[in-house]
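Start counting the sequence shown at 527; every next residue gets the next number (the numbering used here). Cβ atoms here follow ideal geometry from the backbone N, Cα and C, with glycine treated the same way. Structure first, commentary second.
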Amino acid sequence: MEFKQNFRKLFFPCYLLLAICYLLSGCATAPVKDNIALYNINGVTYLPLDVLCQRKKLELRYDAFAKTALISGQGHKVNLMVGQDLVLVDGYPRHIKHNVEFYQGVLVVPEKFRGEILDKVFPLACPINAAVMPPTIRKIVVDAGHGGYDPGTHGRSGIQEKEINLDIAKRLARVLNCEGVEVVLTRPSDNFVSLERRVQIANRAKADLFISIHSNANRVRSLNGFEVYCISDSGNSWRSKNSKGEALPVAPSSYQQMSPALETTLWDMIYNYQKAQSVDLAESICRAVSGSSGPKVIGTKSAGFYVLKGTQIPAVLIEVGFLSNTQEEQHLKNSGYRQEIADLIVSGIRNYANEYRLMEGKK
Ligand SMILES: [Zn+2]
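This is how it looks when you write it as structure tokens:
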């Protein structure tokens, strides 16, 4: 008993001293929470920023010379600087109480940065094993067909095309965001957007692809299936726009001295390349869907839809299914089915991007 008491008397201060040393010295042991190593710097818990960004599929760029970092993804940007407690969220300053640190070769942020900044600015909870889109595709315009006072078609149950289109477009955007792709939605809510405006958004966004989502209908109610449209051979309007003085999408110096004939040839080349890419993208999406347990695939078709005619980037219009078919209408009313369609479309885009990366020899 006496020995035990002496033992406690002797060792308790040692433990206390060790604990104080540990807290004050700033030395990091590596306790782990949520599978993330924790760093203790002067009593404050820090987390490694690269791991936090990987979890959310965010891009993190660190400039070791300037000691600054940039986090980007899901359409937002956060700037940080080592030794500063001020961060910029989409350009607006925010204080985070404790400084960002570069500690033992690791860029670390105070634990509260995760909940107060990262989770709020980048709210998506992406699956840890989410795929990554090849770097050839960085930005996509996703167009939910119809909206507002234009409901599109409807099913027997009364469900409107504009609702299905918007839901799938938003799911598509979320999956693409998780794969590191910036998404521009031509309409993020139930509002009317003219076709001209949609084309304008697509062309101004300087995106890599344009994906328009629609649902089908036919008087023949037995018709069902998934189909993808590309621009028809005769239907491109921007090819002839050079006569109206529209600038070619090339560096100004390269076409200032061009003869009209050469300019027309260049427009044709760009148009043909864009059309070939659109066809490849449409076929890739159809392949991804036909290899799944999802909808029956009718195939790729060409048509002169306005949104396809006007866009200057590879563009497809997807008819996800027929609301006029009772069974397909029931499927489309199911959120799990709509998610599956969104996932399959992204697989098709990813496969297309991989093929182009191989062709162009890009990493
Ligand atoms: Zn439609």
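Residue closest to residue 737, alpha-carbon to alpha-carbon, out of 576, 557, 858, 844: On the sequence shown, position 211 is the one that residue 737 refers to. With distances taken between Cα atoms, residue 737 lies closest to 844.
Reference residue 648; option with closest CA among 602, 730, 832: Taking the sequence shown and counting its residues from 1, one reaches residue 648 at position 122. Residue 648 has its Cα closest to that of 602, out of 602, 730, 832.
Terminal residues of the alpha helix (DSSP H) in which residue 697 lies: Along the sequence shown, read from residue 1 onward, the residue named residue 697 stands at position 171. Here the alpha helix (DSSP H) through residue 697 covers 687-704.
contact_flag[the region 713-722, the region 665-676] where n(CB pairs < 8 Å) is 3 or more: yes
Cβ pair count under 8 Å reaching 3, the region 844-861 against the region 734-750: yes
Straight-line gap, residue 708 to residue 692 (C-alpha atoms, nearest Å): As a first step, residue 708 must be located in the sequence shown, where it is residue number 182. As a first step, residue 692 must be located in the sequence shown, where it is residue number 166. When rounded, the distance between both Cα atoms is 17 Å.
Beta-carbon separation (whole angstroms), residue 612 vs residue 621, contact threshold 8 Å: Reading the sequence shown from its first residue, position 86 is the one you call residue 612. Reading the sequence shown from its first residue, position 95 is the one you call residue 621. Indeed, because the Cβ distance is near 6 Å, the residues count as touching under 8 Å.
Residue 674 Cβ short of 7 Å to ligand 1 heavy atom set: The residue labelled residue 674 in the question sits at position 148 within the sequence shown. No, since every heavy atom of ligand 1 falls outside the 7 Å radius drawn around the Cβ of residue 674.
Own chain residues within Cβ distance below 8 Å of residue 734, not counting five before or after: Here residue 734 is taken as the residue at index 208 of the sequence shown, counted from 1. Excluding sequence neighbours, residue 734 sits near 662, 663, 664, 665, 666, 839, 840.
Residue 652, DSSP secondary structure in three states: The residue you call residue 652 lines up with position 126 of the sequence shown. Here residue 652 sits in coil by DSSP.
Straight-line gap, residue 628 to residue 704 (C-alpha atoms, nearest Å): As a working mapping, residue 628 is identified with position 102 in the sequence shown. As a working mapping, residue 704 is identified with position 178 in the sequence shown. Between residue 628 and residue 704, the C-alpha separation is close to 27 Å.
For residue 701 and residue 872, believed in contact at Cβ under 8 Å, the rounded distance: By one-based count along the sequence shown, residue 872 stands at place 346. By one-based count along the sequence shown, residue 701 stands at place 175. Sure, about 5 Å apart at Cβ, within 8 Å.
Rounded straight-line distance, which links the Cα of residue 756 to that of residue 564: As a working note, residue 564 is residue 38 in the sequence shown. As a working note, residue 756 is residue 230 in the sequence shown. Looking at the two C-alpha atoms, the distance is approximately 51 Å.
Contact set, ligand 1 heavy atom to C-beta under 5 Å: 671, 678, 740
Proximity below 8 Å, CB of residue 584 to CB of residue 640: Your numbering for residue 584 matches position 58 in the sequence shown. Your numbering for residue 640 matches position 114 in the sequence shown. Result no, Cβ atoms of residue 584 and residue 640 do not sit closer than 8 Å.
CB-CB length for residue 572 against residue 634, believed under 8 Å: Position 46 of the sequence shown, counting from 1, holds the residue named residue 572. Position 108 of the sequence shown, counting from 1, holds the residue named residue 634. Indeed they touch by this definition, with Cβ atoms about 4 Å apart.
Neighbour-count burial assignment, residue 609, 16 or more Cβ in a 10 Å radius: The sequence position of residue 609 within the sequence shown is 83, counting from 1. Answer is exposed; the Cβ neighbour count stays below 16.
Residue of 606, 690, 580 minimising C-alpha distance to residue 590: The count along the sequence shown starts at 1 and reaches residue 590 at position 64. Ranking 606, 690, 580 by Cα distance to residue 590 puts 606 first.
Nearest-angstrom Cβ-Cβ length linking residue 812 and residue 823, presumed shorter than 8 Å: To locate residue 812, count along the sequence shown from 1; it is residue 286. To locate residue 823, count along the sequence shown from 1; it is residue 297. Contact holds; Cβ gap of about 5 Å.
Closest by C-alpha distance to residue 855, when choosing among 865, 807, 687: As a first step, residue 855 is located in the sequence shown; it is residue number 329 there, counting from the start. Answer by Cα proximity: 687.
N- and C-terminal bounds of the beta strand (DSSP E) containing residue 589: In the sequence shown, residue 589 corresponds to position 63, counting from 1. Taken as a continuous stretch (DSSP letters only), the beta strand (DSSP E) holding residue 589 covers 585-589.
Residue 839, DSSP secondary structure in three states: In the sequence shown, the residue the question calls residue 839 occupies position 313. Residue 839 falls in the coil class under three-state DSSP.
Host beta strand (DSSP E) of residue 676 (start-end): Taking the sequence shown and counting its residues from 1, one reaches residue 676 at position 150. Looking at the DSSP string, residue 676 is not in any beta strand (DSSP E), and its letter there is neither H nor E.
Beta-carbon proximity of residue 656 to residue 695, cut-off 8 Å: Counting from 1 along the sequence shown, the entry for residue 656 is found at position 130. Counting from 1 along the sequence shown, the entry for residue 695 is found at position 169. The answer is no: Cβ separation not under 8 Å.
Short Cβ contact (8 Å threshold) for residue 858 with residue 864: Taking the first residue of the sequence shown as position 1, residue 858 is located at position 332. Taking the first residue of the sequence shown as position 1, residue 864 is located at position 338. Taking 8 Å as the Cβ cut-off, residue 858 and residue 864 qualify as a contacting pair.
Residue interval of the beta strand (DSSP E) (run including residue 712): In the sequence shown, counting from the first residue as 1, residue 712 sits at position 186. Segment: none, residue 712 is in no beta strand (DSSP E) and carries neither H nor E.
Member of 881, 860, 614 whose CA lies at the smallest distance from the CA of residue 685: Mapped onto the sequence shown, residue 685 falls at position 159. Out of 881, 860, 614, 860 has the C-alpha closest to the C-alpha of residue 685.
Contacting residues, own chain, Cβ-Cβ under 6 Å from residue 730 (five flanking each side not counted): Numbered from its first residue, the sequence shown carries residue 730 at position 204. Result list for residue 730: empty, nothing under 6 Å.
Extent of the continuous alpha helix (DSSP H) run through residue 852: Position 326 of the sequence shown holds residue 852. Residues 852-858.
Segment limits, beta strand (DSSP E) that includes residue 566: Taking the first residue of the sequence shown as position 1, residue 566 is located at position 40. Note, residue 566: beta strand (DSSP E), 565-567.
One or two residues paired with residue 606 in a DSSP bridge: Translated into the one-based positions of the sequence shown, residue 606 becomes position 80. Partner(s): 595.
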